[in-house]
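Peer 1: Just add 782 to wherever you are in the sequence shown, counting from 1, and you've got this note's numbering.
Can you keep this structure in mind? I'll have questions shortly.
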Amino acid sequence: MVEFRTGDPIEVLPNYENIDFSLVDCKADNYGRLLEKLDVNPKRSMVVANNLIEGRKGVEEHLKGVETMVKVRSMKRLIGKGMEITMVGKRERSRGSYSRAERKGRYIKKTDRSKWVFAFDEKSGEEHIYRMPKSP
């Protein structure tokens, strides 16, 4: 269920456990405290940090205790002022590798269930990341 709440996030977050997805704006100086309050789902969750200025620590540095229990993977992207996508959770097995697609600027990660496509638009400078479900 998706639930929207307003208020000071540092006060609201302790009311939630096992968060599956969160988007954190890192413009504020106290974003580290906010990330430390996140109780992410250790089985499978994703945290997107937006406006992560170069040189600042990302999400992986702030998640307390999770990194010792499960696999934590992060990738930084030059989208806007900087974005980091962090995935938390174990991989059951290796799910393939990156391979270059026929079209320029696209990389595809092949998996058993779906494939992730990373595309770079040279005209606009935008990077697009999307998931395509596996065809039956």
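Virtual Cβ for every residue (Gly too), placed ideally from N, Cα, C.
Computed from a predicted structure; not experimentally measured.
Terminal residues of the continuous beta strand (DSSP E) containing LEU817?
Peer 2: The sequence position of residue 817 within the sequence shown is 35, counting from 1. Here LEU817 belongs to no beta strand (DSSP E); instead the alpha helix (DSSP H) covers 813-819.
Peer 1: Roughly how many angstroms lie between the CA atoms of SER906 and MET857, to the nearest whole one?
Peer 2: Within the sequence shown, numbered from 1, the residue matching residue 906 stands at position 124. Within the sequence shown, numbered from 1, the residue matching residue 857 stands at position 75. One C-alpha to the other measures close to 21 Å.
Peer 1: Please report the distance separating the alpha-carbon of GLY977 from that of LYS825.
Peer 2: Only positions 783 to 918 of the chain appear in this structure, which leaves residue 977 out of reach.
Peer 1: Taking the beta strand (DSSP E) that GLU909 falls in, what are its first and last residues?
Peer 2: Numbered from its first residue, the sequence shown carries residue 909 at position 127. From DSSP, the beta strand (DSSP E) with GLU909 extends over 909-915.
Peer 1: Quick check on DSSP: helix, strand or coil for VAL784?
Peer 2: Within the sequence shown, numbered from 1, the residue matching residue 784 stands at position 2. Looking at VAL784 - three-state DSSP - the assignment turns out to be coil, as it is neither helix nor strand.
Peer 1: What is the residue span of the beta strand (DSSP E) that VAL830 lies within?
Peer 2: Numbered from its first residue, the sequence shown carries residue 830 at position 48. Unbroken beta strand (DSSP E) run through VAL830: 827-832.
Peer 1: Taking the straight line between their C-alpha atoms, what separation do you get for HIS844 and MET869?
Peer 2: For the purposes of this step, residue 844 is identified with residue 62 of the sequence shown, where counting begins at 1. For the purposes of this step, residue 869 is identified with residue 87 of the sequence shown, where counting begins at 1. Distance between the alpha carbons of HIS844 and MET869: 13 Å.
Peer 1: Going by DSSP, what residues sit across from GLU866 in a beta bridge?
Peer 2: Looking up residue 866 in the sequence shown gives position 84. For GLU866, which the question treats as bridged, DSSP gives the partners ALA831, LYS858.
Peer 1: For the candidate residues VAL854, ASP821, ASN812, ALA831, whose alpha-carbon lies nearest to that of ILE861?
Peer 2: For the purposes of this step, residue 861 is identified with residue 79 of the sequence shown, where counting begins at 1. It is ALA831 whose Cα lies nearest to the Cα of ILE861.
Peer 1: Note down, in chain order, each residue of its chain lying with its Cβ closer than 8 Å to the Cβ of ARG913, except the 5 sequence neighbours on either side.
Peer 2: Here residue 913 is taken as the residue at index 131 of the sequence shown, counted from 1. Only SER896, LYS897, TRP898, VAL899 meet the Cβ criterion.
Peer 1: Under 8 Å Cβ to Cβ from LEU816, same chain only, skipping five residues before and after it: list those, please.
Peer 2: The residue given as residue 816 occupies position 34 in the sequence shown. Around LEU816: PRO791, ILE792, LEU795, VAL806, ALA810.
Peer 1: Helix, strand or coil for VAL841? Go by DSSP, reduced to three states.
Peer 2: Against the sequence shown, residue 841 aligns to sequence position 59. In this structure, VAL841 counts as helix in the three-state DSSP scheme.
Peer 1: Report the three-state DSSP secondary structure of VAL806 (helix, strand or coil).
Peer 2: For the purposes of this step, residue 806 is taken as residue 24 along the sequence shown, with counting starting at 1. Looking at VAL806 - three-state DSSP - the assignment turns out to be strand.
Peer 1: Can the beta-carbon of ASN833 be found less than 8 Å from the beta-carbon of GLY789?
Peer 2: Locating residue 833 in the sequence shown gives position 51, counting from the first residue. Locating residue 789 in the sequence shown gives position 7, counting from the first residue. Cβ distance not < 8 Å, so ASN833 and GLY789 don't count as in contact.
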